[in-house]
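*Asks:*
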Amino acid sequence: MIEYQNVSKFYGDLAAVDGISLDIPDGEFFGLLGPNGAGKTTIIRMTTALTAVSSGAILIDGEPINRDLSKTKQRFGVVPQYTNLEAEISARQNLDYHGRLYGMDTSLRKSKIDELLEFAELSDRADDKASSYSSGMRRRLMIIKALMHSPDVLFLDEPTVGLDATARRNIWDLLRNMNSQGLTIFLTTHYLEEAQALCSRVGLIDKGKMVQLDSPSALIASHGNYILEYFKDGEMVYQFFNAREEAVKASEWLNASFQVREANLEDVFVALTNRRIAES
Amino acid sequence: MTFKAVIWKDWIVFLNKIASNTISAVVGPTLYLLAFGWGIGGQVSVAGQSYVSFVIPGIVAMNSMSVSFGIIASSLNISRLYDKTFEAEMMSPITPVAYTMAKVAVGIGRGIYCATLIIAVSLLFDRSLVLSPYFLLVLALNCAVFSIIGFIVGLLIKSHGDMAKVSNFVITPMSFLCGTLFPLDRFPVLLRALFEFLPLSMAVTGLRQGAAGPNSWVVPAVLAAWCLVLFPVAVNVCKKAE
Ligand SMILES: Nc1ncnc2c1ncn2[C@@H]1O[C@H](COP(=O)(O)OP(=O)(O)O)[C@@H](O)[C@H]1O
Ligand SMILES: [Mg+2]
Chain A
12 MIEYQNVSKF YGDLAAVDGI SLDIPDGEFF GLLGPNGAGK TTIIRMTTAL TAVSSGAILI
72 DGEPINRDLS KTKQRFGVVP QYTNLEAEIS ARQNLDYHGR LYGMDTSLRK SKIDELLEFA
132 ELSDRADDKA SSYSSGMRRR LMIIKALMHS PDVLFLDEPT VGLDATARRN IWDLLRNMNS
192 QGLTIFLTTH YLEEAQALCS RVGLIDKGKM VQLDSPSALI ASHGNYILEY FKDGEMVYQF
252 FNAREEAVKA SEWLNASFQV REANLEDVFV ALTNRRIAES
Chain B
2 MTFKAVIWKD WIVFLNKIAS NTISAVVGPT LYLLAFGWGI GGQVSVAGQS YVSFVIPGIV
62 AMNSMSVSFG IIASSLNISR LYDKTFEAEM MSPITPVAYT MAKVAVGIGR GIYCATLIIA
122 VSLLFDRSLV LSPYFLLVLA LNCAVFSIIG FIVGLLIKSH GDMAKVSNFV ITPMSFLCGT
182 LFPLDRFPVL LRALFEFLPL SMAVTGLRQG AAGPNSWVVP AVLAAWCLVL FPVAVNVCKK
242 AE
């Protein structure tokens, strides 16, 4: 269980994270959805002992996180937004180093490394330096590195940025599968499809504040499941409706072109913040 | 053990570049030995011995200092600011105490490796150096002090450019002012008192005089005291560094 009690993080005058309160129970697939600069990475960095909270507290099973909490750190796996691989050693050695840091014995390390390299389709490049890898290969290596020590909680900071559709689907399948086996997952993303497809609960975050928190379907239903979209005075207007028929009925009064479609998390975000997730 | 993991990784990185590591470690000191050994060494004597015999322990101390300091400071700095591997290590179960100890051990190992190479080269010029357990102890403590300082500097400075400044303003002056190339008693009394207890001065005195020198226990004691004072500072920096 991860508890956020009124957590803030200040960089000078900037509140990168501004009074977040949230509980993440074991086994949940949780997502933070928000535009660039919303504070997602900062929340993950605070949770994983990389940076201190400015005020409030983050408790992991009741204890505030810090770098001396070996047992808690042992249970975490982290895929950060940017690569943190040892560039001068091979992929296999990167995994080996990780396994050693997490106290895995030699035979377990060996079998796990082979299994994961196979899974990530990196076996034939396993002994090349990580610095020679393409960005997609690095991303895959980062993900299997985080899984190397079989964590209980997996943090993924925008894990599918820059990946093609197939690679993204593969990662989604992997994460769903692991979550169903009991792994707690905390994911950040600015892809609404990703949050909608994967997460049992989504926090919409903007400028450091949590603007709403619920399951994707409840977030959408609280505003309306259908959107009527049309141009008025040179601007796009989005109107929520609970049922398709209501939206169609409302459209009869319009003399501009319009569209009726299902609402998504982007619409909810725009309704709450007047900003889009993708554009910023 | 997490401590051993860090040592293992540094060992692998070291082995990957063993040729360049070895060559770069001997070039500088060999030039010093050429200049002071063949260049002026023959004609000059200092403190009752030939200048070559006098200067070799100074060069050993000076180089092990800059190697231990430089390797730890720059590798940490790169892993913190560029590779971000420092973050990976801090998220892992290793504690700041174990991590600091491991990096200091790496610094001692690398410092002693270079010192060994320098001593080997120095045998071409002069054979009077007395190697003893005491010599090794002082050498290791010297490397430890400067590894700890390198650790703190590597984790605190904000850019790789600042590394050069720290070297210019701290390490290079110490190289010259700590009795390495000329005896401390050439300084006015006040300055001498100021420099005498600096770790490098202590190490030079210890390496030069050996266990038989007057009050020889003072040297390891003072170096150990430096370690004891600086180590907790390093651990504290490690707990917070980003
Ligand atoms: N180390 C830092 N120093 C100063 N400002 C920072 C630092 N890290 C993040 N910020 C600022 O905090 C805000 C949130 O950043 P971040 O958590 O990276 O957002 P996200 O991951 O949602 O894109 C941004 O405005 C960012 O510029
Ligand atoms: Mg981010």
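From first to last, the protein sequence lines are chains A and B. Numbering follows this note's numbering, with no gaps: position 98 of the first sequence is 109. Numbering follows this note's numbering, with no gaps: position 83 of the second sequence is 84. Where a beta carbon is used, it is the ideal one built from N, C-alpha and C, also for glycine. Keep in mind that this is a model prediction, so the values were computed, not measured.
1) What does DSSP give as the partner residues of Asp292/A in its beta bridges?
2) Under 9 Å Cβ-Cβ, which residues of chain A neighbour Met102/B?
3) From what residue to what residue does the alpha helix (DSSP H) around Ser176/B run?
4) By DSSP's criteria, Val28/A is part of a beta bridge. Which residues make up the other side?
5) Can you tell which of Ile149/B, Ser76/B and Arg209/B has its C-alpha closest to the C-alpha of Thr236/B?
6) Looking only at its chain, what residues have a beta carbon closer than 7 Å to the beta carbon of Leu43/A, apart from the 5 residues adjacent to it on each side?
7) Please confirm whether Asp84/B and Asn95/A have their CB atoms less than 8 Å apart.
8) Anyone know if the C-beta pair for Val139/B and Pro221/B falls short of 8 Å?
9) Using a Cβ distance threshold of 8 Å, determine whether the stretch 88-102 of chain B contacts the stretch 110-125 of chain A, with at least three qualifying pairs required.
10) Tell me which same chain residues have a C-beta within less than 8 Å of the C-beta of Glu97/A, skipping the five on either side of it?
11) Report yes or no: do three or more beta-carbon pairs, one from the stretch 271-288 of chain A and one from the stretch 231-241 of chain A, lie closer than 8 Å?
12) Is Thr52/A a contact residue of ligand 2, with contact defined as CB to any heavy atom under 7 Å?
13) Note down, in chain order, each residue of its chain lying with its Cβ closer than 6 Å to the Cβ of Asn181/A, except the 5 sequence neighbours on either side.
14) What does Trp12/B touch in chain A if you count any residue whose Cβ is under 9 Å from its own?
15) So, does the CB of Tyr144/A fall closer than 8 Å to a CB anywhere in chain B?
16) Quick check: what's the CA-CA separation for Lys5/B versus Ala27/A?
17) With a threshold of 8 Å between beta-carbons, can Gly155/B be considered close to chain A, or not?
18) Rounding to the nearest angstrom, what Cα-Cα distance links Ser80/B and Ile73/B in this structure?
19) Using a threshold of 7 Å, is the CB atom of Asp168/A nearer than that to any non-hydrogen atom of ligand 2?
20) Return yes when at least one heavy atom of ligand 1 lies under 7 Å from the C-beta of Asn95/A, else no.
21) With a cut-off of 8 Å on the beta carbons, I'd call Ile113/B and Ala141/B a contact; round off their distance for me.
22) In whole angstroms, what is the alpha-carbon distance linking Ala106/B and Ile8/B?
23) If we cut at 8 Å on Cβ distances, does Tyr22/A have a partner in chain B?
24) In the DSSP assignment, what residue or residues form a beta bridge with Ala68/A?
25) How many whole angstroms separate the CB atoms of Gln16/A and Gly88/A, which I take to be in contact at a CB cut-off of 8 Å?
*Replies:* Looking at the atomic coordinates:
1) Residue 292/A is absent from the model: chain A starts at 12 and stops at 291.
2) What Met102/B touches in chain A: nothing, since even the nearest Cβ is about 14 Å away.
3) Thr173 to Leu178
4) Lys20/A
5) The amino acid at residue 236/B is misidentified as Thr; the sequence shows Val. For Val236/B, the nearest C-alpha among the options comes from Ile149/B.
6) Lys51, Ile54, Thr199, Gly214 and Ile216
7) yes
8) yes
9) yes
10) Gln104, Asn105, Tyr108 and Ala141
11) yes
12) yes
13) none
14) What Trp12/B touches in chain A: nothing, since even the nearest Cβ is about 11 Å away.
15) no
16) 37 Å
17) no
18) 11 Å
19) yes
20) no
21) 7 Å
22) 8 Å
23) no
24) Gln16/A
25) That belief does not hold up - the Cβ atoms of Gln16/A and Gly88/A are roughly 24 Å apart, past 8 Å.
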